[in-house]
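So the sequence shown is numbered by this note's numbering: it starts at 1203 and just counts up by one. No residue lacks a Cβ here, since even glycine has one placed at the ideal position from N, Cα and C. All figures in this text were calculated on a predicted structure; none of them were measured in a lab. These notes are about the structure you will find just below.
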Amino acid sequence: MTAEEYYKQGNEHRRRGDFPAAMNCYLQAAQLDPEGPGATAEQMLEDIMNFYCKDIYNP
């Protein structure tokens, strides 16, 4: 899969509320394209999870 496909798949998971799966897709996208939207989405989701859901997500 391409970085764009991982990014789009991550967006679908995020819309459904499956944040761990979304994070995995965004991480894959960021590895393939560190300057792409997947890297930005991964960082944003990580920041949100760290702020709001400290009990659910703890890197």
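- By the C-beta density criterion, residue 1228 is buried, having at least 16 other C-beta atoms within 10 angstroms.
- Straight-line spacing of the CA atoms in residue 1232 and residue 1226 works out to 10 Å.
- Here DSSP, grouped into helix, strand and coil, assigns residue 1222 to helix.
- DSSP places residue 1246 inside the alpha helix (DSSP H), whose first and last residues are 1239-1254.
- With contacts defined by Cβ atoms closer than 7 Å, residue 1215 and residue 1223 form a contacting pair.
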